[in-house]
Amino acid sequence: MIDPTAKLLGMWSQGLNGSSIVFRIGLSFFLAAIIGCERSSKRHSAGMRTFISVCLATTVSMLLDIYLTSCYERGYFILSGATIIGVAVVSVRCILFSSRNQMKGLTTAAGLWTGGIIGLTAGAGFYTVTVIAFAALMICLSWFPKAEKYLKNRSNHFEIHLELKDSNYLQNFVTTIRRLGLKIDDIEKNPAYAHSGLSVYSIAISISSQELKKYKTHAQIIEALRSLDYIYHVEEMWL
Numbered sequence: 067m068i069d070p071t072a073k074l075l076g077m078w079s080q081g082l083n084g085s086s087i088v089f090r091i092g093l094s095f096f097l098a099a100i101i102g103c104e105r106s107s108k109r110h111s112a113g114m115r116t117f118i119s120v121c122l123a124t125t126v127s128m129l130l131d132i133y134l135t136s137c138y139e140r141g142y143f144i145l146s147g148a149t150i151i152g153v154a155v156v157s158v159r160c161i162l163f164s165s166r167n168q169m170k171g172l173t174t175a176a177g178l179w180t181g182g183i184i185g186l187t188a189g190a191g192f193y194t195v196t197v198i199a200f201a202a203l204m205i206c207l208s209w210f211p212k213a214e215k216y217l218k219n220r221s222n223h224f225e226i227h228l229e230l231k232d233s234n235y236l237q238n239f240v241t242t243i244r245r246l247g248l249k250i251d252d253i254e255k256n257p258a259y260a261h262s263g264l265s266v267y268s269i270a271i272s273i274s275s276q277e278l279k280k281y282k283t284h285a286q287i288i289e290a291l292r293s294l295d296y297i298y299h300v301e302e303m304w305l
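In the numbering used here, the protein residues as written are 67 to 305.
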């Protein structure tokens with residue numbers, strides 16, 4: 067099977083030669099730079115240099131595997147496999163937990179790992195797969211956040227970061243939540259604020275009222291909670 071894009075480019079792009087090597091590395095570099103710019107523009111932990119480094123590593127490892135396999139007429143794609151495992155380890159390190167128990171960097175970690183896979187396909191000369199996968203990843207990173215936020219804002223379950231002026235107000239808050247037609251699934255006190263003078267909690271909430279399910283969004287519910295005088299701060303936690 068010959069890659070459709072490779073057919074259009076010509077025979078030089080199908081084999082392993084100087085021109086195809088430069089093209090594959092250049093393609094990987096260019097696409098990784100675009101993905102990295104998108105992440106950097108949103109102030110994520112892995113930016114342009116990280117994505118370029120990862121994609122170059124996987125592209126070169128795939129080229130080396132192809133070269134060694136062709137030289138010895140047998141072999142396994144060990145280097146490319148080991149490289150993508152290394153990318154997975156790096157990706158996990160992008161995932162952090164903030165003081166508000168919010169998981170951060172999960173999308174960037176997944177994007178970094180996917181970028182590594184795209185580097186492998188570029189190195190293997192699967193140009194069509196590379197471009198399609200790149201386009202799909204960019205759509206996922208750039209266009210889907212708004213749709214995802216809209217769906218989450220309409221779901222029946224959400225989590226909030228709650229700061230009370232005093233722990234004695236927690237019972238008042240629970241009572242208010244129940245009167246609004248909401249259900250508390252879990253309450254966890256945040257130890258990071260132990261000496262701040264505030265009582266800080268991470269609270270999982272379900273919307274049990276049919277009327278609230280029909281008309282209210284999370285933003286409207288949280289806005290209503292902000293009007294309570296014993297609440298210092300409240301916001302939704304986006305996981």
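We treat Cβ as the ideally placed atom computed from N, Cα and C, and that holds for glycine.
Every value quoted in this text rests on a predicted model; they were computed, and no experiment measured them.
Pairing I183 with V266, the inter-Cα distance amounts to about 41 Å. Taking a contact as a CB-CB distance under 8 Å, the pair M204 and I100 counts as one, their CB atoms being some 7 Å apart. Rounded to the nearest angstrom, the Cβ distance from R115 to T174 is 13 Å, too far for a contact under 8 Å. The beta carbon of A72 sits closer than 7 Å to those of S79, Q80, G191 and Y193, all from its chain and outside the five residues before and after it, given in chain order.
For L178 against S157, the beta-carbon gap comes to about 5 Å, under 8 Å, which counts as contact. Under the three-pair Cβ rule at 8 Å, the segment 219 to 229 counts as touching the segment 294 to 304. Judged by their CB atoms, D69 and V153 are not nearer to each other than the 9 Å cut-off.
Per DSSP, reduced to three states, the secondary structure at H227 is strand. In terms of CA proximity to C103, I118 leads the group G92, I118 and L278.
Rounded to whole angstroms, the Cβ separation of T149 and T180 is 14 Å, and the two are not in contact under 8 Å. By alpha-carbon distance to L246, the top candidate from Q276, T135, G189 and G76 is Q276. Just measuring C-alpha positions, the residue of K282, L97, V88 and N83 sitting nearest Y216 is K282.
Contact between L248 and S272 holds, with the beta-carbon distance rounding to 7 Å and staying under 8 Å. Collapsing the DSSP output to three states places H299 in a strand.
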